[in-house]
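Residue numbers (the numbering used here): 6 to 332.
So the structure is just underneath, and the comments pick up after that.
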């Protein structure tokens, strides 16, 4: 069932936030949130008839909740959020918050194409339990998404959000990199606490870390494939699709990096690259869900128009895991 009366409460939530932000955010507001750690971007389970399976979502979260993650991301790219209705998106956040231990952070993807819709979704997600909002770049009119337009968008969202905001750059899906100059400007906003960068350009990640070093601004690697390199240049953690199936191993890589065991970290990173590429690029969400079925979680089908893997693709996916010792 959808979250009851959630949309009718948006106006009330906005009025409270507006009163809170009258005259600007207090210095340092939102800066207390520590994002350091590993986050799996949780998939959205569906039934055979393409309905959201909230029971399986809760089962997956209960299992994942036993691992040493800092928190969880829902309604990221792996959550198939563009295929969900607004009420489904909010219900997923609500169910996730109820299923997770209280000490685990819940980051909810609240991005929409318009600024107004993003503000409304962000406020609503905060009301149903999100600890922070992860806001993807609007991209339909990508040719008009200049630094100025994106700074205006994120500033408005952050001004009106009752929870801290994490920027989200995922050019493989949006065709748009959040420009470094925009990130640097936005890092000065007291309610913008960091960025998830999924582009895989380690030079860019290092530049963002360097240029925001005077702010309490945190960078999360957007994939396990470049997690070691990201830690080496100052990232504080990662949002890693592979953590949905190899969560212990991704957390082990984090520990090796944080304790300076670089040789062991390098060996583990090498073994994770092929499986990570398989579930993020080569076979995408259908591949990730298939491996979840293999590793004791519920993957299940995707929502159309995403298609299931062919037998040949499934065999190639299995080989990417088996050849690195994971199956």
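Quick reminder that beta carbons are idealized off the backbone N, C-alpha and C, glycines included.
For residue j and residue i, believed in contact at Cβ under 8 Å, the rounded distance
i, j, result
"residue 210", "residue 226", "7 Å"
"residue 237", "residue 45", "Going by Cβ atoms, the distance from residue 237 to residue 45 rounds to 22 Å, so no, they are not a contact pair."
"residue 140", "residue 165", "About 12 Å separates the two Cβ atoms, so there is no contact after all."
"residue 81", "residue 244", "7 Å"
"residue 273", "residue 254", "7 Å"
"residue 199", "residue 175", "With 8 Å as the limit, residue 199 and residue 175 do not qualify as a contact, their Cβ atoms being about 15 Å apart."
"residue 147", "residue 180", "6 Å"
"residue 295", "residue 322", "6 Å"
Coarse secondary structure for residue i, derived from DSSP in three states
i, result
"residue 139", "strand"
"residue 240", "coil"
"residue 216", "helix"
"residue 265", "coil"
"residue 46", "strand"
"residue 202", "strand"
"residue 174", "strand"
"residue 76", "strand"
"residue 226", "strand"
"residue 288", "coil"
"residue 60", "helix"
"residue 88", "helix"
"residue 134", "coil"
"residue 163", "helix"
"residue 114", "strand"
"residue 51", "strand"
Cβ shell of residue i (< 6 Å), same chain only, five flanking positions each side left out
i, result
"residue 118", "143, 145"
"residue 155", "187"
"residue 61", "50, 303"
"residue 235", "210, 226"
"residue 205", "231"
"residue 190", "156"
"residue 267", "none"
"residue 106", "70"
"residue 55", "308"
Residue i classed as buried or exposed, judged by whether at least 16 other C-beta atoms fall within 10 angstroms
i, result
"residue 324", "exposed"
"residue 111", "buried"
"residue 312", "exposed"
"residue 280", "buried"
"residue 149", "exposed"
"residue 328", "exposed"
"residue 202", "buried"
"residue 31", "Any reading at residue 31 needs caution, since the residue's pLDDT is 40, under 50, leaving its predicted position unreliable; the model's value is listed next. So residue 31 counts as exposed."
"residue 158", "buried"
"residue 65", "buried"
"residue 219", "exposed"
"residue 109", "buried"
"residue 252", "buried"
"residue 53", "exposed"
"residue 283", "buried"
"residue 264", "exposed"
Contacts around residue i, its chain only, beta-carbon distance under 7 Å, and the 5 residues preceding and following it disregarded
i, result
"residue 270", "233, 258, 261, 262"
"residue 168", "131, 135, 136, 137, 138"
"residue 93", "57"
"residue 63", "100, 104"
"residue 152", "184, 186, 187"
"residue 29", "The pLDDT assigned to residue 29 is 38, lower than 50, so where the model puts this residue is not dependable, and the model offers no usable value."
"residue 43", "74, 75, 242, 243, 245, 248, 255, 256, 259"
"residue 38", "137, 169, 198"
"residue 182", "174, 176, 204"
"residue 163", "170, 194, 196, 197"
Contacting residues, own chain, Cβ-Cβ under 8 Å from residue i (five flanking each side not counted)
i, result
"residue 83", "46, 47, 48, 246, 249, 290, 293"
Contact test: residue i Cβ vs the ligand GDP heavy atom, cutoff 7 Å
i, result
"residue 154", "The ligand GDP is not part of the structure shown, which contains no ligands of any sort."
Counting Cβ pairs closer than 8 Å, one from the region 82 to 94 and one from the region 305 to 314, do we hit at least three? yes
Does the region 127 to 134 come into contact with the region 95 to 104, if we say contact requires no fewer than three beta-carbon pairs (one atom in each stretch) closer than 8 Å? yes
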